[in-house]
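Some notes on the structure that comes next.
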Amino acid sequence: MKVGYLGPKNSFTFQAASTIADETELVAYPSIPFCIQALEEHQISFAVVPIENSLEGSVHASVDRIFHQDKLFVAGEIVLPIRQQLLGYSNEQPITKILSHPQALAQSQRFLETNYPLTPLEAVASTTFAAEYVANHPEEQVAAIASEKAASEYGLNILAHGIQDNALNQTRFWILTATKGETLDTLGKPARNTLFITLPDNLPGALHKVLSCFAWRNIDLSKIESRPLKTSLGEYFFIVDLTLEDNQALIKNAIEEIELLNGRTRNIGSYPVKIIQ
180 MKVGYLGPKN SFTFQAASTI ADETELVAYP SIPFCIQALE EHQISFAVVP IENSLEGSVH
240 ASVDRIFHQD KLFVAGEIVL PIRQQLLGYS NEQPITKILS HPQALAQSQR FLETNYPLTP
300 LEAVASTTFA AEYVANHPEE QVAAIASEKA ASEYGLNILA HGIQDNALNQ TRFWILTATK
360 GETLDTLGKP ARNTLFITLP DNLPGALHKV LSCFAWRNID LSKIESRPLK TSLGEYFFIV
420 DLTLEDNQAL IKNAIEEIEL LNGRTRNIGS YPVKIIQ
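So in this note's numbering the end of the sequence shown lands on 456, straight run, no missing numbers.
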């Protein structure tokens, strides 16, 4: 079994992927699209990608790619605590620049505004790439926002611990598969079901009517979010997460009712969720 992930090694996605596979089975990819493409081309068995952060919201590169590729499904979910550290060599010299992934920079905004208000920030492909760059360029006096594991891997000092804005910072990672109905039983029993829904055209109150299909059946929605269809302005699809509570038959009936309203649905999986403490 080969499991692709958004690399490089020791990224947060690597840590999530390590919960389902040995390091020898993991394959790093430089971007989310490349990782998902490898799954589409059957180069790997699963792809692990970030899907949502509790502070910064959905990872659009993942959501949009999955929606527009109709042969991808969710086999499981890992929820990982995200603890950001400021990595470098020394606090005795001024830091000329701070590097990290855009999400990590956003998650640490309060710390940066308080402690480094005039220091330039630079977005890079991943937190681990930022740590690697700092390790390879000690003469530049730059710092990185990355994980504690990245500090250990690249021999960097932790200049500030736990700099994320919220101590409850978490990221959801989806384990994607190209096989419909496949789930990772090692993570437990299915706990969540995700649908992509496109509303019927020219129907007044369309969203209300679609949501009513779930409401009167007492189906709990843990998330609903809109994303542009990328066709024309004002057209959207919706990502809807449903909580599974022995209500699969009711969910099936709700989907049938939505389609009777001329809405379009795509069920991308009922899957287990593992929360890492």
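For every residue, glycine included, the Cβ atom is placed at its ideal position computed from N, Cα and C.
It should be emphasised that the depicted structure is a prediction, and the values quoted were computed from it without experimental measurement.
Ignore the nearest five residues each way along the sequence and tell me which others in Val258's own chain have a CB closer than 8 Å to its CB.
-> For the purposes of this step, residue 258 is taken as the residue at position 79 of the sequence shown. Cβ neighbours of Val258 beyond the five flanking positions: Gln349, Thr350, Arg351, Phe352, Val452, Lys453, Ile454, Ile455.
N- and C-terminal bounds of the beta strand (DSSP E) containing Glu435 = Taking the first residue of the sequence shown as position 1, residue 435 is located at position 256. Taken as a continuous stretch (DSSP letters only), Glu435 belongs to no beta strand (DSSP E), being part of the alpha helix (DSSP H) at 427 to 439.
Take Glu327 and list the residues in its own chain whose beta-carbon comes closer than 6 Å to its own, dropping the five residues that flank it on each side.
-> Start at 1 with the first residue of the sequence shown, and residue 327 comes out as number 148. Contacts found: Gln264.
Contact belief for Asp420 with Leu400 at Cβ below 8 Å, rounded distance in angstroms | Counting from 1 along the sequence shown, the entry for residue 420 is found at position 241. Counting from 1 along the sequence shown, the entry for residue 400 is found at position 221. So it is a contact: roughly 7 Å between Cβ atoms.
Could you tell me whether any non-hydrogen atom of the ligand MN is closer than 7 Å to the CB of Phe308?
-> With respect to small molecules bound, the structure shown includes none, and the ligand MN cannot be examined in it.
Given 8 Å as the limit, is there contact between the region 216 to 229 and the region 180 to 195, that is, 3 or more CB pairs closer than that?
-> Contact between the region 216 to 229 and the region 180 to 195 is present, because at least three Cβ pairs lie under 8 Å.
Endpoints, the alpha helix (DSSP H) within which Arg289 is located | As a position in the sequence shown, residue 289 is number 110, starting the count at 1. Per DSSP, the unbroken alpha helix (DSSP H) holding Arg289 starts and ends at 288 to 294.
First and last residue of the uninterrupted alpha helix (DSSP H) at Ala240 | Taking the sequence shown and counting its residues from 1, one reaches residue 240 at position 61. Here the alpha helix (DSSP H) through Ala240 covers 239 to 247.
Other residues of its chain near Ile447: CB distance less than 6 Å, five sequence neighbours each side excluded = By one-based count along the sequence shown, residue 447 stands at place 268. The answer, listed in chain order, is Phe252, Val253, Thr373.
Please say whether Ile354 and Gly255 have beta carbons closer to each other than 8 Å?
-> Translated into positions along the sequence shown, residue 255 becomes position 76. Translated into positions along the sequence shown, residue 354 becomes position 175. Cβ distance < 8 Å, so Gly255 and Ile354 count as in contact.
As assigned by DSSP and simplified to three states, the class of Asn315 | Looking up residue 315 in the sequence shown gives position 136. Asn315 falls in the helix class under three-state DSSP.
How close, in whole Å, do the beta carbons of Ile245 and Phe191 come, if the pair is a contact with beta carbons under 8 Å?
-> Numbered from 1 along the sequence shown, position 66 holds the residue referred to as residue 245. Numbered from 1 along the sequence shown, position 12 holds the residue referred to as residue 191. Wrong, their Cβ atoms sit about 19 Å apart, outside the cutoff.
Tell me whether the beta-carbon of Ala329 lies closer than 8 Å to the beta-carbon of Thr306.
-> For the purposes of this step, residue 329 is identified with residue 150 of the sequence shown, where counting begins at 1. For the purposes of this step, residue 306 is identified with residue 127 of the sequence shown, where counting begins at 1. For Ala329 and Thr306, yes; Cβs fall inside 8 Å.
What residue from His316, Ala394, Leu347 has the CA that sits closest to Tyr333's CA?
-> Taking the sequence shown and counting its residues from 1, the one referred to as residue 333 is at position 154. Here the closest residue by C-alpha is His316.
Ala302 vs Ser210 beta-carbon contact at 8 Å = Reading the sequence shown from its first residue, position 123 is the one you call residue 302. Reading the sequence shown from its first residue, position 31 is the one you call residue 210. It is not a contact, given that the beta carbons lie outside the stated cut-off.
Are the CB atoms of Leu159 and Gly267 nearer to each other than 8 Å?
-> This structure does not reach residue 159, given that the chain is present from 180 up to 456, and the question cannot be answered.
For Thr373, three-class secondary structure by DSSP | Walking along the sequence shown from the start, residue 373 turns up at place 194. Correct three-state label for Thr373: strand.
How long is the line joining the alpha carbons of Gly360 and Ser449, rounded to whole angstroms?
-> The residue given as residue 360 occupies position 181 in the sequence shown. The residue given as residue 449 occupies position 270 in the sequence shown. Cα-Cα distance, rounded: 8 Å.
State whether the region 272 to 280 contacts the region 233 to 245, with contact taken as three or more CB pairs (one from each stretch) at a distance under 8 Å.
-> no
Where Ile215 sits in the DSSP three-state scheme = Counting from 1 along the sequence shown, the entry for residue 215 is found at position 36. Helix, per DSSP.
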